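Participant:
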Amino acid sequence: MAKQGYWLFKSEPAAYSFSDLMGEVDRTAEWDGVRNYQARNYLRDEVKEGDRMLFYHSGAKAKSVVGTALVVRGGYPDHTAWDPDSEHPDPKSTPEKPRWYMVDIKGEAELSNPVTLAQIKATPALENCSLLTRPRISIHPMTKEEWDIILAMGE
DNA sequence: GCCAACGTTGGC
DNA sequence: GCCAACGTTGGC
87 MAKQGYWLFK SEPAAYSFSD LMGEVDRTAE WDGVRNYQAR NYLRDEVKEG DRMLFYHSGA
147 KAKSVVGTAL VVRGGYPDHT AWDPDSEHPD PKSTPEKPRW YMVDIKGEAE LSNPVTLAQI
207 KATPALENCS LLTRPRISIH PMTKEEWDII LAMGE
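Remember, the numbering used here sits 86 above the position in the first sequence when you count from 1.
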């Protein structure tokens, strides 16, 4: 069995929120629309079924980790790229030569207390976490230690 | 293959 | 709403 991976996915709640995920059939959604190569590489190569992720709300008001989810399908081609009616079409990506990848996630639990960005910044053990050191990427790998700390803060 | 222009992200 | 950071594009 592959090593358990931990991730943090960012989303603008106005575009797609954690409650949107929890409201899906089977609480499961395709995480499509990623159009950044670094994030794509994570999705394609490293995010595996069985990995867990923190759902982070970015943007003016939220800026906090609000819940957890499970990866229920590892990286596979993002078919919305070659759908001209999708929100993120990319004519350079085709079914034969997919450029973008996505995963499927299933909502698990909402945190009792959302962990804010300010709290994360104020926690010395989290100062090297990818969320803080690599701004402007929508997908961040996390260590088990970081995962445990944030979840404990959210209880 | 360089690099300027441009677009996007996301905290403030 | 501003703007810094940074990724992408495209002319040369």
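For each residue, glycine too, the CB sits at the ideal point set by N, CA and C.
Since the model is a prediction, treat every value here as computed from it, not as a measurement.
1) Determine the direct distance from the alpha carbon of residue 198 to that of residue 99, and round the result to whole angstroms.
2) Quickly, what does DSSP pair residue 190 with across the bridge? List them, please.
3) In angstroms with no decimal places, state the Cα-to-Cα distance between residue 106 and residue 133.
4) Do you know whose CA, among 148, 219, 187, 155, lies nearest residue 167's CA?
5) May I ask you to report which of helix, strand or coil DSSP gives residue 96?
6) Can the beta-carbon of residue 224 be found less than 8 Å from the beta-carbon of residue 120?
7) Can you check which of these residues, 208, 96, 162, is closest to residue 182 by C-alpha distance?
8) Mark residue 130 as exposed unless 16 or more other C-beta atoms lie within 10 angstroms of its C-beta, in which case mark it buried.
9) Residue 114 and residue 157: beta carbons closer than 8 Å?
Facilitator: For this structure:
1) Taken atom to atom, the span from the alpha-carbon of residue 99 to that of residue 198 is near 18 Å.
2) Answer by DSSP bridge pairing, in chain order: 116, 159.
3) 22 Å
4) By alpha-carbon distance to residue 167, the top candidate from 148, 219, 187, 155 is 187.
5) DSSP places residue 96 in the strand class (E or B) of the three-state scheme.
6) yes
7) 162
8) buried
9) no
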